[in-house]
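Have a look at the structure below before the remarks.
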Amino acid sequence: MNDRPSGAVDRGLLGTYLNDHLAGATAGVERVRYLTRAQQGTELGAALRPVAAEIDQDRRSLVEIMRAVDVPVRRYKAYAGWLSEKAGRLKTNGRLVRRSPLSTLLELEVLRLAVEGKASGWQSLRRLTDVEPRLDAARLDVLLERAARQQRILEDLRARQTGETFTHTG
Numbered sequence: 011m012n013d014r015p016s017g018a019v020d021r022g023l024l025g026t027y028l029n030d031h032l033a034g035a036t037a038g039v040e041r042v043r044y045l046t047r048a049q050q051g052t053e054l055g056a057a058l059r060p061v062a063a064e065i066d067q068d069r070r071s072l073v074e075i076m077r078a079v080d081v082p083v084r085r086y087k088a089y090a091g092w093l094s095e096k097a098g099r100l101k102t103n104g105r106l107v108r109r110s111p112l113s114t115l116l117e118l119e120v121l122r123l124a125v126e127g128k129a130s131g132w133q134s135l136r137r138l139t140d141v142e143p144r145l146d147a148a149r150l151d152v153l154l155e156r157a158a159r160q161q162r163i164l165e166d167l168r169a170r171q172t173g174e175t176f177t178h179t180g
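Numbering (this note's numbering), first residue to last: 11 to 180.
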C-alpha cells in the first residue's frame, strides 16, 4: 500500500482541518502562557519560557501555511480555541483561592498532548507535499523536529512535576 496520497487535495476538507488545528494552537498558546505566568520566578517557569515562545511561533507558522495554500482563517474557530482554554481553567481542583498542586501537573499533561496533536498535524501536511506543491516539505520537517523536541522537554518537566506534586519533604 502506498503511504503517499494521490489525486487532488480536497480544499474544503483541508480548510476545515487547518482551521481546527488553528483552534487547538490558539488554546495551546493561551495555556502555555498561563502556565508560564503562574510559574514565573521558578525553575519550571524558566524552562517553559522558550517552549512558550516556540509554541507561539508554531501558531504563526500555521497561519502562514494557511495563507500559502489559500485557506482562509476562520476567526470564530480561533476564538473558540481561545474560549475553550479559558473555560478549562474553571474546572474544580480542590482549592478555592489558590492553585492546587495538581494544576501544574495537569497543565503540563495537557500541553504535552497538545504538542503531540500539533506534530500529527505537521505529519499530515508533510504527507501532502507531493500533491500540494504550496506546502514546503523542508519547513514542515523543521516544524516536526521542533515539535519532537518540545514533546521531550514537556515530558521531562511533567515527570519531574509528578514527583514534586505527589511527594512531601520534611
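Cβ coordinates follow ideal geometry from the N, Cα and C atoms, glycine included.
Fair warning: this is a prediction, and the values are worked out from it, not measured in the lab.
Pull up the distance between the alpha-carbon of residue i and that of residue j, whole angstroms please.
{"i": "G148", "j": "A63", "result": "Reading off the sequence shown, one finds Ala at residue 148, where the question assumed Gly. About 21 angstroms."}
{"i": "A163", "j": "E126", "result": "Checking the sequence shown, residue 163 turns out to be Ile, not Ala. Near 12 angstroms, if we compare the C-alpha coordinates of E126 and I163."}
{"i": "G55", "j": "A48", "result": "8 angstroms"}
{"i": "R21", "j": "G173", "result": "46 angstroms"}
{"i": "S134", "j": "V61", "result": "22 angstroms"}
{"i": "L24", "j": "V81", "result": "8 angstroms"}
{"i": "L138", "j": "Q160", "result": "23 angstroms"}
{"i": "A37", "j": "A78", "result": "23 angstroms"}
{"i": "L153", "j": "V73", "result": "13 angstroms"}
{"i": "L106", "j": "W132", "result": "Because the pLDDT of L106 is 48, which lies under 50, any placement of that residue in the model is unreliable, and the question is left without a value."}
Does DSSP classify residue i as helix, strand or coil?
{"i": "Q161", "result": "helix"}
{"i": "V79", "result": "coil"}
{"i": "D20", "result": "coil"}
{"i": "E53", "result": "helix"}
{"i": "P143", "result": "coil"}
{"i": "T177", "result": "coil"}
Counting along the chain, where does the alpha helix (DSSP H) carrying residue i start and finish?
{"i": "R122", "result": "111-137"}
Just mark residue i as buried or exposed, buried being the case when its beta carbon has 16 or more other beta carbons within 10 Å.
{"i": "A18", "result": "exposed"}
{"i": "D166", "result": "exposed"}
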